[in-house]
Every structure is written in structure tokens, then in C-alpha cells.
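Residue numbers (the numbering used here): 2 to 247.
Take a look at the structure set out below.
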């Protein structure tokens, strides 16, 4: 479905980002994963190569909030692969801190990675996507729709991602560029695996489909939106959370 496409995935070293990278590679894309540290990037590359030594994959670790570092990284990708077709803004950080305890450091930590990095990476990739009529995909969250009982900046940041997705989709449609987001529900990542059973069981019971999502469930949605099958879809926040809606 992504034959010969070049995809950059931020936060691609683990969890949902790693699953997206694997799914894209399985569909013949060339993938560049961006992580926070050389060690995590190298480990992810090693794990993906173990899946298939013929995968065309590379990795870098720029500061995603730094325009110059992101620009230089994208230039390297273009130089190596000749084109860039897909950007997945998946890097992010969660927060559950009560507002009375919030520090400005915590506020900025969430804002910088969840909002600023999405803006910077989207801005810097646009010249390349104009050439390929490419795709920007953002990772949102179910809390961008429902909110959450604590950690106000996390859902706030995902509301911002939704707004950026919808607005940017309108702005760049004239270039043939599509912009969409996926809003995962509770997903079986490391963070969820570490929750105690008495916390996770009620969450599962609240989901009509009777299970939490797997990273592959989310990756499948990204694959669809990145592919030609979604060529007439833009500005959409696609919920992938197992919930029945009226």
C-alpha cells in the first residue's frame, strides 16, 4: 500500500510509533524513525532489522522543537532517498498531574513535545511534501474529545493537535497535501501494561468491544490514512478506541 513511499515517524522507537514503522515497512515503505536518544533509535533499528534484514530504514535523534536540527535531519532524508512522502507526528508525552501541583516546567514539557514539535516538523517538511503531494499524520488521543480527570495539559495539547490538523488541512490542500490525525483510545503500550489490574479491568469493561487496543490496531489506521485508499480524506480526526458512538 505504500510502495516506494518515504515516511518519517517521530517517536518511532517504541509503542505506537514503533508499530507504525513496522506496519509501513511491511507495506514496502522506506522508513526513517526519529527518537529522543541515539541508544533508543539504534535499538529500534536493530529490532526492525531482525524482523526483515531487507527493510530500508534509518534513524536520527534531533530535538524536535529545534527548527535547525529538524531541517538538517529532513535534508539528510531527502538527500538519501530523493523524496519525502509522509510525516507522522507521533512523539508525545503524557501527564496526569493535578493542576494545583503543576509547575511551569511540567507545563512546558508537555507543550513543547506535544504541540511545538508537531508545528516545527510540519513546517519544515512542507517543501518536500509539496513536491510529492504528500501526507501529514498526527497522533491525537481520545482525551482530545472527552478530556481527562487530571493532568489538564495533556488533553489540552491534544485539543491543539486536532486544531492544527484541521486548520493545516485547509491551508495546504491547494498543494495536494492531506493532513489527518488518529485519536487512539486505551492502547496496550508500556504505560498501560504497568497499570495495576484493579485499574485496567474497569477500563476494559467500559469499552463495548471488550478489550483495549493493540498498537497494531492504531498502526492500521495510520496505514489507511497514509495510503491511496484515503486520497479524498483530509482534516479528519479518526477515533480508534473501540467505543460505540451515537
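Glycine residues also receive a C-beta, built at the ideal position from the N, C-alpha and C atoms.
Only a predicted model underlies this, so the values are computations on that prediction, with no experimental measurement involved.
Would you give the residue range spanned by the beta strand (DSSP E) that residue i belongs to?
i           : result
residue 185 : 179-185
residue 145 : First-last for residue 145: 144-147, but that is the alpha helix (DSSP H), not the beta strand (DSSP E).
residue 35  : 31-35
residue 4   : Run containing residue 4: none; DSSP gives neither H nor E here.
residue 221 : Unbroken run through residue 221 is the alpha helix (DSSP H), 216-227; no beta strand (DSSP E).
residue 138 : 136-140
Given this structure, state the Cα-to-Cα distance separating residue i from residue j, to the nearest angstrom.
i           : j           : result
residue 222 : residue 160 : 19 Å
residue 151 : residue 194 : 20 Å
residue 106 : residue 29  : 41 Å
residue 173 : residue 88  : 14 Å
residue 158 : residue 138 : 16 Å
residue 49  : residue 101 : 42 Å
residue 4   : residue 227 : 11 Å
residue 240 : residue 142 : 8 Å
residue 44  : residue 70  : 22 Å
residue 247 : residue 77  : In this prediction, residue 247 scores a pLDDT of 48, lower than 50, which makes its location untrustworthy; the coordinate-derived value is nonetheless stated afterwards. Near 46 Å, if we compare the C-alpha coordinates of residue 77 and residue 247.
residue 153 : residue 121 : 23 Å
residue 199 : residue 205 : 11 Å
residue 114 : residue 95  : 10 Å
residue 80  : residue 66  : 22 Å
residue 177 : residue 201 : 42 Å
residue 111 : residue 98  : 11 Å
residue 61  : residue 209 : 39 Å
residue 216 : residue 68  : 29 Å
Please look up how many angstroms separate the CB atoms of residue i and residue j, rounded, as I've assumed it's under 8 Å.
i           : j           : result
residue 35  : residue 56  : So it is not a contact: roughly 16 Å between Cβ atoms.
residue 144 : residue 156 : 4 Å
residue 188 : residue 146 : Contact doesn't hold; Cβ gap of about 15 Å is too wide.
residue 86  : residue 136 : 7 Å
residue 140 : residue 179 : Going by Cβ atoms, the distance from residue 140 to residue 179 rounds to 16 Å, so no, they are not a contact pair.
residue 166 : residue 91  : Contact flag wrong, Cβ pair sits at about 13 Å.
residue 242 : residue 211 : Rounded, the Cβ-Cβ distance is 13 Å, inconsistent with contact.
residue 181 : residue 237 : 5 Å
residue 24  : residue 82  : Rounded, the Cβ-Cβ distance is 19 Å, inconsistent with contact.
residue 64  : residue 33  : The Cβ separation is near 16 Å, so there is no contact.
What residue range does the alpha helix (DSSP H) around residue i cover?
i           : result
residue 161 : 154-173
residue 17  : 16-27
What are the residues that DSSP puts in a beta bridge with residue i?
i           : result
residue 201 : The partner list for residue 201 (beta bridge, DSSP) is empty, contrary to what the question assumes.
residue 11  : 35
residue 239 : 183
residue 188 : 214
Q | Length at least 3, wholly inside the segment 44-129: the beta strand (DSSP E) runs in chain order | A | Within the segment 44-129, the complete beta strand (DSSP E) segments at least 3 residues long are 58-61, 87-90, listed from N- to C-terminus.
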